[in-house]
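Asker:
2 protein chains.
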Amino acid sequence: MSIKPKPLGPIPAGYEAVDGELAIGGRKASDLVAESGGTPLFVYSRDRLAARMDALRASMPYRLGINYAIKANPFEPLLEYMQPLVDGFDIASGGELAILREIGADMGRVSFAGPGKRDEELRAAIEAGVTLNTESEAEAHRALRIGDELGQTPRLAIRVNPDFDMKGSGMKMGGGAKPFGVDAERVPALGREIIAAGADWRGLHIYTGSQALDADAIIETQANVLQLADRIARDIGQPLPKLNMGGGFGIPYFFGDEELDISRIGDALTQKFDTLPETLESAHLCIELGRYLVGLAGVYLTRIVDRKVSHGETFLVTDGGLHHQLAASGNFGTVIRRNYPVAIASHFDAPADDLASVVGCLCTPLDRLADRAELPRAEVGDLVAVFCAGAYGATASPSAFLGQGPARQMLA
Amino acid sequence: MSIKPKPLGPIPAGYEAVDGELAIGGRKASDLVAESGGTPLFVYSRDRLAARMDALRASMPYRLGINYAIKANPFEPLLEYMQPLVDGFDIASGGELAILREIGADMGRVSFAGPGKRDEELRAAIEAGVTLNTESEAEAHRALRIGDELGQTPRLAIRVNPDFDMKGSGMKMGGGAKPFGVDAERVPALGREIIAAGADWRGLHIYTGSQALDADAIIETQANVLQLADRIARDIGQPLPKLNMGGGFGIPYFFGDEELDISRIGDALTQKFDTLPETLESAHLCIELGRYLVGLAGVYLTRIVDRKVSHGETFLVTDGGLHHQLAASGNFGTVIRRNYPVAIASHFDAPADDLASVVGCLCTPLDRLADRAELPRAEVGDLVAVFCAGAYGATASPSAFLGQGPARQMLA
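Sequence order for the protein chains is A and B.
According to my numbering, the first sequence holds residues 1182 to 1593 in order.
According to my numbering, the second sequence holds residues 1182 to 1593 in order.
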């Protein structure tokens, strides 16, 4: 029998074994599971969150604001931990606004983007003092009207649909016809209208793509963003108060992926910031990151319920699955399924002398966490770890599917 | 500007306009939305559920049991409505068992398949008298042990991993190495062991695929299933008490798809049932269907929040999206995105003189409900209908994604 193994994604640096087991934040996986009450469990490491922010701050120009896009992971204890580390939060719905209210976030440092904002969401945001990145002329008009009704000055920025996108990004968000933002050539007129209407003008939001691992592509895109913002500001006729330059910093998920070189991005940005045009000199410049800040800080732990063989192939059946890890199963935003970094947490330092597929407990062939992977031999009761689980895991998966219910989550 | 339209899937027969609006169960979409409290809303039609069952019963041999696999749609009022119409329920988790307990289902008519059953799920099922379709030797042993501990005789069937799959099925569940069931050649030994251990032997479960629209493929597969079941029963050495022949009946989602010809399937099955081998003569024979029973009975209604133009293309931005309709967005189990049947519910009988893409409110380019579709002109406030929404909608989508929350659901 010769079954060709498929490579696993790269396990993030720094994970070590304690007593042979995967340790997260210095604590053994089995201890974390016991403390949380069971599997499946998402563990998010405080140390990794802090170290990531430190490294990013050290690379980026001092004046660059770094916002956290909470869509990547809105777990409340994680948001509370991130709040003092970042310069603001970006939200995408009234539901996310309500979460930030729960943790007592400073709404003056929150901005709200998203193409389908309902009137009640605009109202809640304006009342709270949240900046609205308006996605169309019609939405801007609704925001102005609701501000009038409330007797409150809305804080309005414009989300721009740029004429370019980010090369090599996993998901393009600009260039061509898009449901996001206002086409660049129509932005100056809308900007002047917003200013004339007496709104609190908060400048531009230019988002071009996500999950890029190519520093050159990001450097080029950021240069384009600054140039476009300058052009729009000149056309509007006044300097920009604020420019959200978007995000797009990716993380390595798959075999062959490499960490993004943020020092090169930081150096290029520092150079740019030294020679900013007049329109941007006094602007608040920021980026918004989700996945990059939290993705590598999370590990998903699931327990092996069955070890079975079918036609010579071994399957490790776990109590987790795509209902918590839709992206890892290859069913969200990817065309071809590739393996995430996966390990046997119970035997983290053991040699990979077995070949097995790790599947979830759902009764569907889509539910596969690792396909034909070289792993240490694992038995019923052992824990499996899926890495890169800090972003777009728990909330980006169909947790009610097949009645399995949500996973536990903890900060460790 | 010449933008090539993409075809929409076929709207299920029988939907009509009342006062120009889509009516469901004789009631206008806007009235249903008002009654339920708002959009997004899943409406499941009682009349359609009943008519579907009637047509199926009329086509199938009288002795064939028809079970409902509740994973397709576990909305409690729908389960309550289906209960007297079907011969049993099939479940895939302890969570689904708990739902059936809520509605007071007859547990003697429930069977439980799924590759990762935890001990506590086995225990709950055995205590309730649910039949376990065991997926491996190890699982069967666990069930026997737990039965002993409880002093209760477990009702055990074996799920078979057959040596063939269903041709043309959307999702293959048999043939080759699979995490589901026990490889056919190992089933007789396990069957004899279960019988010898004194369990309540419930026969076989042979599931081969899902979402097939080709009657010939289903006819051929059912013949193979009967043949395999006979072979296994003879090898075990006694007639089968029960055979669950699986499901696989598909529904038309996409342009060019046609309704499955169930009368041909029923005729072929009637013929087969007239000449059953001795091993199956007195067996309870059943099929299990999910999507086929409920898929076409559901409509997802979402309201247009913005109508915008980008580079000459029109986007209708709705308050719904992939957080309720992951499959319709093309992100679940499909490689190439194709349009589901979608209509402007507010102008259901109007000519399709506009070209627009319908997108959801999520801040991701994945969130598209209809791509470049020919539709009647629609404005903010109008309702959009996505058909084929009765199965794998609400619970098969990431409802917490971006904080948007779940959709409303109602039986009408």
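Ideal placement from N, C-alpha and C gives every residue a C-beta, glycine not left out.
The model shown is predicted, which means the values in this text are computed figures rather than measured ones.
#1: Identify every residue that forms a DSSP beta bridge with I1387 (chain B).
#2: Got a sec? Which residues, its chain only, sit under 6 Å from D1535 (chain A) by beta carbon, not counting five neighbours each side?
#3: Quick one: grab the DSSP three-state call for R1233 (chain A).
#4: Is there a C-beta anywhere in chain A that falls below 8 Å from the one on F1435 (chain B)?
#5: Go to T1451 (chain A), then tell me how far its alpha helix (DSSP H) extends in each direction, as first and last residue.
#6: Check whether the Cβ atoms of G1289 (chain B) and G1310 (chain B) sit closer than 8 Å, and answer yes or no.
#7: Out of curiosity, what's the CA-to-CA distance linking V1291 (chain B) and F1582 (chain B)?
#8: Name the chain B residues whose beta carbon is nearer than 8 Å to that of C1467 (chain A)?
#9: Is G1544 (chain A) close to chain B, meaning its C-beta is less than 8 Å from at least one C-beta of that chain?
#10: Strictly below 7 Å CB to CB, what residues from chain A border S1274 (chain B)?
#11: Return the first residue and the last residue of the alpha helix (DSSP H) that L1409 (chain B) is part of.
#12: Can you tell me which residues form a DSSP beta bridge with E1494 (chain B)?
#13: Per the DSSP calculation, E1316 (chain A) is bridged to which residue(s)?
#14: Within 8 Å (strictly less), CB to CB, does D1563 (chain B) reach chain A?
#15: Across the segment 1229-1248 of chain B and the segment 1438-1455 of chain B, are there enough close Cβ pairs to call them in contact, namely three or more that are closer than 8 Å?
#16: Grab me the residues of P1265 (chain B)'s own chain with a C-beta within less than 7 Å of its C-beta, minus the 5 sequence neighbours each way, in chain order.
#17: Taking only the alpha-carbon atoms, compute the straight-line gap between S1153 (chain A) and L1474 (chain A) and give it to the nearest angstrom.
#18: With a threshold of 8 Å, are at least 3 pairs of Cβ atoms found where one atom belongs to the segment 1186-1196 of chain B and the other to the segment 1563-1571 of chain B?
#19: Please report the Cβ distance between G1584 (chain A) and A1319 (chain B), rounded to the nearest whole angstrom; I am assuming they are in contact, meaning their Cβ atoms lie under 8 Å.
#20: For the segment 1476-1557 of chain A, which segments carrying the beta strand (DSSP E) assignment without a break, of at least 3 residues, lie completely within its bounds, in sequence order?
#21: What is the DSSP secondary structure of F1582 (chain A), counted as helix, strand or coil?
#22: Closest to L1421 (chain A) by C-alpha separation, out of A:P1546, A:L1394 and A:P1369, would be which residue?
#23: Mind reading off the beta-carbon distance from V1523 (chain B) to A1554 (chain B)? Whole number of angstroms is fine, and I expect it under 8 Å.
#24: Leaving out five residues on either side along the sequence, give the residues of the same chain with a beta carbon under 8 Å from the beta carbon of I1184 (chain A).
#25: Is any beta-carbon of chain B found at less than 8 Å from that of T1499 (chain A)?
#26: Anything in chain A within Cβ reach of P1191 (chain B), meaning under 7 Å, just list it in chain order.
#27: From the beta carbon of F1513 (chain A), is the nearest beta carbon of chain B less than 8 Å away?
#28: Could you have a look at V1135 (chain B) and say whether DSSP puts it in helix, strand or coil?
#29: Look up S1292 (chain B) in the DSSP assignment and say whether it is helix, strand or coil.
#30: In terms of residue numbering, what span does the alpha helix (DSSP H) encompassing L1267 (chain B) cover?
#31: Leaving aside the five residues before and after G1502 (chain A) along the sequence, list all residues of the same chain whose C-beta is less than 6 Å from its C-beta, in chain order.
#32: Determine whether the Cβ of P1335 (chain A) lies closer than 8 Å to any Cβ atom of chain B.
#33: Considering L1371 (chain B), what are the terminal residues of the alpha helix (DSSP H) in which it resides?
#34: Could you tell me the boundaries of the alpha helix (DSSP H) in which G1276 (chain A) lies?
#35: Are there 16 or more other CB atoms within 10 angstroms of the CB of G1201 (chain A), so buried, or fewer, so exposed?
#36: What are the start and end residues of the beta strand (DSSP E) that includes E1202 (chain B)?
Answerer: Per the coordinate set shown:
#1: Within the DSSP secondary-structure output, I1387 (chain B) pairs in a beta bridge with B:V1341.
#2: Residues L1556 and R1558 of the same chain have their beta carbon placed closer than 6 Å to that of D1535 (chain A), with the five preceding and five following residues left out of the count.
#3: Collapsing the DSSP output to three states places R1233 (chain A) in a helix.
#4: Chain A contact via Cβ: absent.
#5: Segment I1443 to D1455, the alpha helix (DSSP H) holding T1451 (chain A).
#6: The criterion of a C-beta distance shorter than 8 Å is satisfied by G1289 (chain B) and G1310 (chain B).
#7: When rounded, the distance between both Cα atoms is 32 Å.
#8: Here the premise fails: no neighbours, minimum Cβ distance about 17 Å.
#9: It should be noted that the sequence gives Cys, not Gly, for residue 1544 (chain A). With 8 Å as the cut-off, C1544 (chain A) counts as an interface residue toward chain B.
#10: By Cβ distance, chain A contributes L1583, G1584 and Q1585.
#11: Segment A1396 to I1417, the alpha helix (DSSP H) holding L1409 (chain B).
#12: DSSP lists B:S1491 as the bridge partner or partners of E1494 (chain B).
#13: By DSSP's assignment, E1316 (chain A) forms no beta bridge with any residue.
#14: Closer than 8 Å: no.
#15: With the cut-off at 8 Å, the segment 1229-1248 of chain B and the segment 1438-1455 of chain B touch.
#16: Excluding positions up to five away in sequence, the list is empty.
#17: Coverage of chain A is limited to positions 1182 through 1593, which leaves residue 1153 (chain A) absent and any answer about it impossible.
#18: At 8 Å Cβ cutoff, the stretches touch.
#19: About 23 Å separates the two Cβ atoms, so there is no contact after all.
#20: Unbroken beta strand (DSSP E) stretches of 3 residues or longer found wholly inside the segment 1476-1557 of chain A: 1479-1491, 1494-1499, 1523-1525, 1535-1540 and 1549-1556, given in chain order.
#21: In this structure, F1582 (chain A) counts as helix in the three-state DSSP scheme.
#22: The shortest Cα separation from L1421 (chain A) among A:P1546, A:L1394 and A:P1369 belongs to A:P1369.
#23: The pair is a contact, with the Cβ atoms about 6 Å apart (cut-off 8 Å).
#24: Answer for I1184 (chain A): G1493, E1494, L1536 and R1553, listed in chain order.
#25: Taking Cβ atoms only, chain B reaches closer than 8 Å to T1499 (chain A), which makes this a yes.
#26: Within chain A, no residue comes near P1191 (chain B); the closest Cβ sits about 25 Å away, beyond 7 Å.
#27: For F1513 (chain A), the answer is yes, since a Cβ of chain B falls inside 8 Å of its Cβ.
#28: The shown model of chain B, from 1182 to 1593, leaves out residue 1135 (chain B), and the question about it has no answer.
#29: In the structure shown, the three-state DSSP call for S1292 (chain B) is strand.
#30: The amino acid occupying residue 1267 (chain B) in the given sequence is Val; Leu does not appear at that position. Segment: none, V1267 (chain B) is in no alpha helix (DSSP H) and carries neither H nor E.
#31: Non-local beta-carbon contacts of G1502 (chain A) in its own chain, meaning distances under 6 Å to residues more than five positions away in sequence, involve G1541, C1542, L1543 and D1548 in chain order.
#32: Chain B places no beta carbon closer than 8 Å to that of P1335 (chain A), leaving this residue out of the contacts.
#33: Run containing L1371 (chain B): V1368 to A1377, per the alpha helix (DSSP H) assignment.
#34: It spans G1275 to E1283 - the alpha helix (DSSP H) in which G1276 (chain A) sits, taken as one unbroken run.
#35: Exposed, because fewer than 16 other Cβ atoms sit within 10 Å of the Cβ of G1201 (chain A).
#36: Residues E1202 to I1205.
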